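See structure below.
There are 2 protein chains.
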Amino acid sequence: MQTSTSTAHPLDEALALAPGDAPGHFTGQTTQAYWNMVGPYGGLTAATMLAAVLRHPDVLGEPVALTVNFAAAVTEGPFTVEATPVRTNRSTQHWVVSVLQSPAEGGAPQVTTTATVLMAERRETWSAADTPMPQVPPPADCEPAPPIFPVQWLRRYEMRPVRGMLPQEWDGSERDSLTQLWMRDAPARALDFPALAALADVFFPRVWRRRALRVPAGTVSMTVYFHAGSEMLARTGSGYLLGQARAQEFRNGFFDQAAQLWSESGELLATTHQIVYYKE
Amino acid sequence: MQTSTSTAHPLDEALALAPGDAPGHFTGQTTQAYWNMVGPYGGLTAATMLAAVLRHPDVLGEPVALTVNFAAAVTEGPFTVEATPVRTNRSTQHWVVSVLQSPAEGGAPQVTTTATVLMAERRETWSAADTPMPQVPPPADCEPAPPIFPVQWLRRYEMRPVRGMLPQEWDGSERDSLTQLWMRDAPARALDFPALAALADVFFPRVWRRRALRVPAGTVSMTVYFHAGSEMLARTGSGYLLGQARAQEFRNGFFDQAAQLWSESGELLATTHQIVYYKE
Numbered sequence: 001m002q003t004s005t006s007t008a009h010p011l012d013e014a015l016a017l018a019p020g021d022a023p024g025h026f027t028g029q030t031t032q033a034y035w036n037m038v039g040p041y042g043g044l045t046a047a048t049m050l051a052a053v054l055r056h057p058d059v060l061g062e063p064v065a066l067t068v069n070f071a072a073a074v075t076e077g078p079f080t081v082e083a084t085p086v087r088t089n090r091s092t093q094h095w096v097v098s099v100l101q102s103p104a105e106g107g108a109p110q111v112t113t114t115a116t117v118l119m120a121e122r123r124e125t126w127s128a129a130d131t132p133m134p135q136v137p138p139p140a141d142c143e144p145a146p147p148i149f150p151v152q153w154l155r156r157y158e159m160r161p162v163r164g165m166l167p168q169e170w171d172g173s174e175r176d177s178l179t180q181l182w183m184r185d186a187p188a189r190a191l192d193f194p195a196l197a198a199l200a201d202v203f204f205p206r207v208w209r210r211r212a213l214r215v216p217a218g219t220v221s222m223t224v225y226f227h228a229g230s231e232m233l234a235r236t237g238s239g240y241l242l243g244q245a246r247a248q249e250f251r252n253g254f255f256d257q258a259a260q261l262w263s264e265s266g267e268l269l270a271t272t273h274q275i276v277y278y279k280e
Numbered sequence: 001m002q003t004s005t006s007t008a009h010p011l012d013e014a015l016a017l018a019p020g021d022a023p024g025h026f027t028g029q030t031t032q033a034y035w036n037m038v039g040p041y042g043g044l045t046a047a048t049m050l051a052a053v054l055r056h057p058d059v060l061g062e063p064v065a066l067t068v069n070f071a072a073a074v075t076e077g078p079f080t081v082e083a084t085p086v087r088t089n090r091s092t093q094h095w096v097v098s099v100l101q102s103p104a105e106g107g108a109p110q111v112t113t114t115a116t117v118l119m120a121e122r123r124e125t126w127s128a129a130d131t132p133m134p135q136v137p138p139p140a141d142c143e144p145a146p147p148i149f150p151v152q153w154l155r156r157y158e159m160r161p162v163r164g165m166l167p168q169e170w171d172g173s174e175r176d177s178l179t180q181l182w183m184r185d186a187p188a189r190a191l192d193f194p195a196l197a198a199l200a201d202v203f204f205p206r207v208w209r210r211r212a213l214r215v216p217a218g219t220v221s222m223t224v225y226f227h228a229g230s231e232m233l234a235r236t237g238s239g240y241l242l243g244q245a246r247a248q249e250f251r252n253g254f255f256d257q258a259a260q261l262w263s264e265s266g267e268l269l270a271t272t273h274q275i276v277y278y279k280e
């Protein structure tokens, strides 16, 4: 039995990592708070891998790119994160990160998740926002939606749909794949890079909306490009993000998702892509 | 002096890899045919890393996703590619790949490039194309453009601009970042997965067009999602691809590029994203 009197945010509890047995190795523990159907919410795993890099003593700058490959489900219990800076340049740093778990039946630890991370010391330059936030009603005018199915991680996010939520009937009638929603951590929490990485994975599988069929589907690889630096994150604070996601192609078992995340004031915090397995 | 009477396509010559000193290790050699300003064309490096996976005896299925991180310039001479299958499931396989080179001044080999690759045995499923090819004139109606500057790799591609090429004057006047062009290997060559990966990196930096300023810029990370299986590649053959690229955000030293590659008949072969460093 695990008891806690902590008042830490569930995301901070889930991202807790202890130093491991070698430099850049950390040990963590899955939490029920972000449990999905057969493992932790993928966005949480992405956030955990980024958090390991951010806690490494040799880390340089701020995250610019994160790619996470979900090779196998993380199972309940302890896991190891290995974060290795493979190349450090003057203002950029490249990381390779793995999550490993020992099989229940014993034997050598196996890789469940791989990632690469690009860190950089960013400087102020000419900048331009070329993807304006869609004109949508403010969060207060959009009703919060209850979790679309009973898994824990959906309770860790406040979601206020704008358009393109799940079909009302699973009748196989085809439609577009576009979803827009306001979202933030629940309870509200100041945005940081791991939280933003986790939010990039919030969207339900595009194929469910496109087909009005709830076929088995799961993200296999996800990339997040962080346009926000820490100052833009601080400006966003615990406010809502507008998320927009659509697919470009569904082809023989895999579809892609292209998404954007803006702050409520319209700053593009991140763009993100996934390739997602689907059945049938 | 290197002489050759081979009639192999320059891409096949550039992708030549010899077995290395351990399983999954290959040795290659940079070629002048794809030389960029300070190293090989990034698309060629991406193609080389994918080729190493495809030549590994344990490879499963066909490529679905490829992420390449350009950590440092590859220098002229030999290099090693290390391709490791870190997780093999029933129908998917996850790889971690590195390019290493020994510094000219001696010492341990250093990582120049990292990559992750997702392979999968794809099955025929319900599919949908949700990103129609833009209506553009056919390749024969678009004049081939000469290389925009004198580097070797640009001579390895036939490019027929449709719209959004480089500004006529570098006068700093802002415009959109959209480019469309017909393209294929030069000389023409039947499309395969490495060639498609290389073509995904063909677009000049979006910031040059957006700003009409030729600031220093270079791709730092690139992801390619392959929607085409080998049958679709065979249908494409040595025909033209329509490439379309645009940026979503330019922010403090990095911009992203989202791009699509269609076959001439309008099949979406791949979608691809980059995060690109730029100065000033």
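Top line first, the protein sequences correspond to chains S and L. Here the first sequence stands for residues 1 to 280, where the numbers follow full-length UniProt numbering. Here the second sequence stands for residues 1 to 280, where the numbers follow full-length UniProt numbering. Glycine included, every Cβ here is placed at the ideal spot set by N, Cα and C. Because the structure is a prediction, the values reported are computed rather than measured.
ask   = Within 10 angstroms of its Cβ, does L/D171 collect 16 or more other Cβ (buried), or is it exposed?
value = To locate residue 171 of chain L, count along the second sequence from 1; it is residue 171. Counting Cβ neighbours within 10 Å, L/D171 comes out exposed, since fewer than 16 surround it.
inquiry  = I'd like to know whether the C-beta of L/R209 is nearer than 7 Å to at least one C-beta of chain S.
reply    = Within the second sequence, the letter at position 209 stands for residue 209 of chain L. Chain S, which has no Cβ nearer than 7 Å to the Cβ of L/R209, makes this no.
key: S/L269 - containing alpha helix (DSSP H), residue span   = The residue given as residue 269 of chain S occupies position 269 in the first sequence. Where S/L269 is concerned, there is no enclosing alpha helix (DSSP H), although the beta strand (DSSP E) around it starts and stops at 268-278.
request  = Ignore the nearest five residues each way along the sequence and tell me which others in S/A46's own chain have a CB closer than 7 Å to its CB.
outcome  = Against the first sequence, residue 46 of chain S aligns to sequence position 46. L66, V68, A197, A198, D201, M222, listed in sequence order.
ask   = Would the region 91-102 of chain L and the region 146-159 of chain L be scored as touching if the rule is three or more Cβ pairs under 8 Å?
value = no
message = Rounded to the nearest angstrom, what separates L/A22 and L/V81 at their Cα positions?
response = To locate residue 22 of chain L, count along the second sequence from 1; it is residue 22. To locate residue 81 of chain L, count along the second sequence from 1; it is residue 81. Going by the C-alpha atoms only, they are around 11 Å apart.
inquiry  = Does any residue of chain L have a CB that is nearer than 7 Å to the CB of S/R156?
reply    = Residue mapping note: residue 156 of chain S aligns to position 156 of the first sequence, counting from 1. Cβ-Cβ to chain L under 7 Å: no for S/R156.
inquiry  = Using 7 Å as the threshold, is the C-beta distance between residue 302 of chain L and L/G24 below it?
reply    = This structure cannot speak to residue 302 of chain L, because chain L is shown only from 1 to 280.
key: Check whether S/P19 and S/D58 have beta carbons under 7 Å apart   = Translated into positions along the first sequence, residue 19 of chain S becomes position 19. Translated into positions along the first sequence, residue 58 of chain S becomes position 58. Going by C-beta atoms, S/P19 is not nearer than 7 Å to S/D58.
inquiry  = Can you tell me which residues form a DSSP beta bridge with L/W208?
reply    = Taking the second sequence and counting its residues from 1, one reaches residue 208 of chain L at position 208. L/W208 is not bridged to any residue.
request  = Pull up the CB-CB distance for S/L233 and S/L261, whole angstroms please, since I reckon it's below 8 Å.
outcome  = Looking up residue 233 of chain S in the first sequence gives position 233. Looking up residue 261 of chain S in the first sequence gives position 261. That pair is no contact at about 11 Å.
ask   = Beta carbon of L/A270: closer than 6 Å to some heavy atom of the ligand ATP?
value = Looking for the ligand ATP in the displayed structure turns up nothing, as the structure carries no ligands at all.
request  = For L/M1, I'd like the list of residues in its chain whose CB is within less than 7 Å of its CB, leaving aside the five on either flank, ordered along the chain.
outcome  = Walking along the second sequence from the start, residue 1 of chain L turns up at place 1. With a pLDDT of 46 at L/M1, under the threshold of 50, the modelled position of this residue cannot be trusted; read the value that follows with caution. The answer is none, since no qualifying residue turns up.
key: Boundaries (first-last residue) of the beta strand (DSSP E) holding L/W222   = On the second sequence, residue 222 of chain L is found 222 positions in, with the first residue counted as 1. The sequence given here has Met at residue 222 of chain L, not Trp. It spans 217-226 - the beta strand (DSSP E) in which L/M222 sits, taken as one unbroken run.
ask   = What is the DSSP secondary structure of L/S230, counted as helix, strand or coil?
value = The residue labelled residue 230 of chain L in the question sits at position 230 within the second sequence. Looking at L/S230 - three-state DSSP - the assignment turns out to be helix.
key: Sequence-distant residues of its chain with Cβ nearer than 6 Å to S/G266 (five each side left out)   = Mapped onto the first sequence, residue 266 of chain S falls at position 266. Closer than 6 Å at the Cβ level, and outside the excluded window around S/G266, lie M133.
Per DSSP, the bridge partner or partners of S/N69 = Stepping through the first sequence from its first residue, residue 69 of chain S is reached at position 69. Answer is S/T114, S/S221.
ask   = Where in the region 152-217 of chain S do unbroken runs of the alpha helix (DSSP H), each at least 4 residues long, occur, reported from the N-terminal end onward?
value = 193-199, 206-211
request  = Within its chain, find whatever has a CB closer than 7 Å to the CB of L/E280; leave out the 5 residues flanking it on each side and keep chain order.
outcome  = Your numbering for residue 280 of chain L matches position 280 in the second sequence. Excluding sequence neighbours, L/E280 sits near V215.
query = Comparing alpha-carbon positions, which option in L/N252, L/Q257, L/Q101 lies nearest S/S127?
reply = Translated into the one-based positions of the first sequence, residue 127 of chain S becomes position 127. Considering only alpha carbons, the answer is L/N252.
Residues within the region 128-160 of chain L neighbouring chain S, beta-carbon criterion of under 9 Å = A128, A129, D130, T131
ask   = Can you name, in chain order, every residue of its own chain whose Cβ lies under 6 Å from the Cβ of L/R163, other than the five neighbours on each side?
value = By 1-based counting over the second sequence, the position of residue 163 of chain L is 163. Correct list, in chain order: Q180.
Below-7 Å beta-carbon distance, S/A108 vs any chain L residue = Here residue 108 of chain S corresponds to residue number 108 of the first sequence, with the count starting at 1. Not an interface residue.
inquiry  = Using a Cβ-Cβ cutoff of 7 Å, what residues of the region 223-247 of chain L are near chain S? List them in chain order.
reply    = T223, Y225, H227, G229, A247
request  = Whole angstroms is fine: what's the gap from L/A278's alpha carbon to S/R122's?
outcome  = The residue given as residue 278 of chain L occupies position 278 in the second sequence. The residue given as residue 122 of chain S occupies position 122 in the first sequence. Note on identity: in this sequence residue 278 of chain L is Tyr, with Ala being the wrong assignment. Each residue's Cα considered, the two are about 11 Å apart.
ask   = Under 7 Å Cβ-Cβ, which residues of chain S neighbour L/L196?
value = Taking the first residue of the second sequence as position 1, residue 196 of chain L is located at position 196. Near L/L196 there are no residues of chain S at all, since even the closest Cβ is about 14 Å away, more than 7 Å.
message = Please state whether the Cβ-Cβ distance between L/Y225 and L/R184 is less than 7 Å.
response = By 1-based counting over the second sequence, the position of residue 225 of chain L is 225. By 1-based counting over the second sequence, the position of residue 184 of chain L is 184. Contact flag unset, no.
ask   = Does the beta carbon of residue 281 of chain S come closer than 7 Å to any beta carbon on chain L?
value = This structure cannot speak to residue 281 of chain S, because chain S is shown only from 1 to 280.
query = Do L/P146 and L/R160 have their C-beta atoms closer together than 7 Å?
reply = Reading the second sequence from its first residue, position 146 is the one you call residue 146 of chain L. Reading the second sequence from its first residue, position 160 is the one you call residue 160 of chain L. Their beta carbons are not under 7 Å apart, which means L/P146 does not touch L/R160 by this criterion.
request  = Ignore the nearest five residues each way along the sequence and tell me which others in L/Y157's own chain have a CB closer than 8 Å to its CB.
outcome  = As a working mapping, residue 157 of chain L is identified with position 157 in the second sequence. Contacts found: M183, R184, D185, A186, L199, V202.
message = Using DSSP's beta-bridge definition, name the partner residues of S/W35.
response = On the first sequence, residue 35 of chain S is found 35 positions in, with the first residue counted as 1. DSSP lists S/P40 as partners of S/W35.
query = Along chain S, in chain order, which residues have C-beta atoms closer than 7 Å to that of L/T116?
reply = As a working note, residue 116 of chain L is residue 116 in the second sequence. Simply T67, N69, T114, T116.
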